[in-house]
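Here's the structure we're looking at; comments come further down.
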Amino acid sequence: MDGVELFLAKSQDDEICLIQLRDGNFESTACSSGGGLGTIITGEPAVEVGDFRYLPDAENRPGREQISDSVVVIRGGL
């Protein structure tokens with residue numbers, strides 16, 4: 430994820446938010462009041478945060494890398 434930085438935050442309403450920067454510039458923000466959220470980085474992998482999963486069988490798909498207790502990076506497409 431060259432040039433991409435992701436930040437997790439919690440909003441005043443207790444939403445989970447994912448803030449995305451590319452090359453130091455703001456690119457997008459996604460927030461969810463549920464238990465997680467996901468984003469697909471343009472030209473890059475997908476990211477799952479919390480209990481969000483793109484597909485029901487996501488846990489068994491190749492290319493998944495657990496990078497923290499609550500964040501998974503999926504390389505190679507969904």
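To convert, take the position in the sequence shown, counting from 1, and add 429; that gives this note's numbering.
For each residue, glycine too, the CB sits at the ideal point set by N, CA and C.
Bear in mind the structure is a predicted one, so any value in this text is a computation, not a measurement.
LEU507: first and last residue of the uninterrupted beta strand (DSSP E) it sits in
Working through the sequence shown from its first residue, we reach residue 507 at position 78. Premise fails: LEU507 is in no beta strand (DSSP E) and is neither H nor E.
One question on the structure: do ILE503 and ALA475 come within less than 7 Å of each other, judged by their Cβ atoms?
Looking up residue 503 in the sequence shown gives position 74. Looking up residue 475 in the sequence shown gives position 46. Contact: yes.
When DSSP labels each residue in this structure, what does GLU456 get in the three-state scheme?
By one-based count along the sequence shown, residue 456 stands at place 27. GLU456: strand per DSSP, three-state reduction.
Using a Cβ-Cβ cutoff of less than 6 Å, which residues in the same chain neighbour CYS441 once the five nearest sequence positions on both sides are dropped?
Here residue 441 refers to the residue found at position 12 of the sequence shown. One detail in the question is off: residue 441 reads as Gln in this sequence, not Cys. So no residue of the chain qualifies.
Please list the terminal residues of the continuous beta strand (DSSP E) segment that includes GLU470.
Along the sequence shown, one-based indexing puts residue 470 at 41. Reading off the sequence shown, one finds Ile at residue 470, where the question assumed Glu. Run containing ILE470: none; DSSP gives neither H nor E here.
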